[in-house]
Amino acid sequence: MTGRYAAVDVHYPPTGGARAAAVVAADERFASIVDERARWLPEVAAYEPGRFFTRELPAVRAVLAGLDTLDLVVVDGYVDLDPTGRPGLGAHLHEQTRIPVVGVAKTAFHSATHAVPVRRGAALRPLYVTAAGLPVDRAAALVTAMAGPHRMPDALRRVDTLARHG
Numbered sequence: 011m012t013g014r015y016a017a018v019d020v021h022y023p024p025t026g027g028a029r030a031a032a033v034v035a036a037d038e039r040f041a042s043i044v045d046e047r048a049r050w051l052p053e054v055a056a057y058e059p060g061r062f063f064t065r066e067l068p069a070v071r072a073v074l075a076g077l078d079t080l081d082l083v084v085v086d087g088y089v090d091l092d093p094t095g096r097p098g099l100g101a102h103l104h105e106q107t108r109i110p111v112v113g114v115a116k117t118a119f120h121s122a123t124h125a126v127p128v129r130r131g132a133a134l135r136p137l138y139v140t141a142a143g144l145p146v147d148r149a150a151a152l153v154t155a156m157a158g159p160h161r162m163p164d165a166l167r168r169v170d171t172l173a174r175h176g
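For the sequence shown, this note's numbering assigns the number 11 to the initial residue and increments by one for each residue that follows.
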């Protein structure tokens, strides 16, 4: 264990391209942020329903490139898309890197009935947690414990802002 954890997100401006961002922490709660970075990709694949990973994975890999070994990556979205294990972004990232991946989705996906709902703070709407490389109940506990009082953990809020604005 290296004691390094990353949260990643990607934003797609209407003019094209993508900006990927990563927030790196020294602890799994993401209470101690040690690095932030953003990478611009001028060209990305077109969106394909059910194959979002073909668009997002290259950007995520680009922003993670050059980082020291990570113990865990948190992605904005699903690891797998249904209880049979149909792979989403997180599963493809885990397959390529062998790093445990936690998926945190803000909205329910119709086939993701296996996702664990997590309510944080005073939020009424849950987050939906999936995982690869670690048990999903452990992933849900990690998301519950992540720093910040809001529905979205602080690190995920920060990486979203970084992906949108650099």
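Note that beta-carbon positions come from the ideal geometry of N, C-alpha and C, so glycine has one too.
Fair warning: this is a prediction, and the values are worked out from it, not measured in the lab.
Report task. With DSSP as the reference, label R167 as helix, strand or coil. Result -> The residue you call residue 167 lines up with position 157 of the sequence shown. Residue state, collapsed to three classes: helix.
Query raised in the report: Over what stretch of residues does the alpha helix (DSSP H) that includes H102 continue unbroken?
Result: The count along the sequence shown starts at 1 and reaches residue 102 at position 92. Taken as a continuous stretch (DSSP letters only), the alpha helix (DSSP H) holding H102 covers L99 to T107.
Query raised in the report: How about L82 and V126: are their beta carbons less than 8 Å apart?
Result: Along the sequence shown, one-based indexing puts residue 82 at 72. Along the sequence shown, one-based indexing puts residue 126 at 116. Cβ distance not < 8 Å, so L82 and V126 don't count as in contact.
**Report entry** Best match in Y15, V33 and E53 for proximity to T25 [C-alpha to C-alpha]
**Finding:** Position 15 of the sequence shown, counting from 1, holds the residue named residue 25. Residue E53 is the option with its Cα nearest to T25.
**Report entry** Cross-strand partners of E46 (DSSP beta bridge)
**Finding:** By one-based count along the sequence shown, residue 46 stands at place 36. Paired residues: V33.
Query raised in the report: Under the rule that 16 or more other beta-carbon atoms within 10 Å means buried, what is R135, buried or exposed?
Result: Numbered from its first residue, the sequence shown carries residue 135 at position 125. Around the C-beta of R135, fewer than 16 other C-beta atoms lie within 10 Å, and the residue is accordingly described as exposed.
Report task. Determine contact between the segment 135 to 147 and the segment 53 to 72, defined as no fewer than three beta-carbon pairs at a distance below 8 Å. Result -> Short answer: they don't touch.
**Report entry** Residue nearest to I109 in terms of C-alpha spacing, selected from V89, A173, G176 and Y22
**Finding:** The residue given as residue 109 occupies position 99 in the sequence shown. The option with the nearest alpha carbon to I109 is V89.
Query - Same chain, Cβ closer than 7 Å to P93, five either side skipped, listed in chain order - result: In the sequence shown, counting from the first residue as 1, residue 93 sits at position 83. Closer than 7 Å at the Cβ level, and outside the excluded window around P93, lie T123 and H124.
**Report entry** Three-way DSSP call (helix, strand, coil) for A125 in this model
**Finding:** Here residue 125 refers to the residue found at position 115 of the sequence shown. DSSP places A125 in coil when its eight states are reduced to three.
Query raised in the report: Relative to the alpha-carbon of F40, which residue among H175, A118, L152 and V70 has its alpha-carbon at the smallest distance?
Result: As a working mapping, residue 40 is identified with position 30 in the sequence shown. Of the listed residues, the one whose Cα sits closest to F40 is L152.
Report task. Pair every Cβ in the segment 153 to 167 with every Cβ in the segment 70 to 81, then say whether three or more of these pairs are closer than 8 Å. Result -> Of all C-beta pairs linking the segment 153 to 167 to the segment 70 to 81, fewer than three are shorter than 8 Å, placing the two stretches out of contact.
Report task. Identify which residue in T12, R71, G27 and F62 has its Cα closest to the Cα of V18. Result -> Taking the first residue of the sequence shown as 1, we reach residue 18 at position 8. Ranked by how close their Cα comes to the Cα of V18, the residues T12, R71, G27 and F62 have R71 in first place.
Query raised in the report: In whole angstroms, what is the alpha-carbon distance linking H120 and R14?
Result: Locating residue 120 in the sequence shown gives position 110, where the first residue counts as 1. Locating residue 14 in the sequence shown gives position 4, where the first residue counts as 1. Going by the C-alpha atoms only, they are around 33 Å apart.
Query - Per-residue DSSP class, three states only, for D90 - result: Working through the sequence shown from its first residue, we reach residue 90 at position 80. The answer is strand: DSSP assigns D90 an E or B state.
Query raised in the report: If we call anything under 8 Å between Cβ atoms a contact, is G176 one with A35?
Result: Against the sequence shown, residue 176 aligns to sequence position 166. Against the sequence shown, residue 35 aligns to sequence position 25. Annotated as distal: G176 and A35, with beta-carbon spacing of 8 Å or more.
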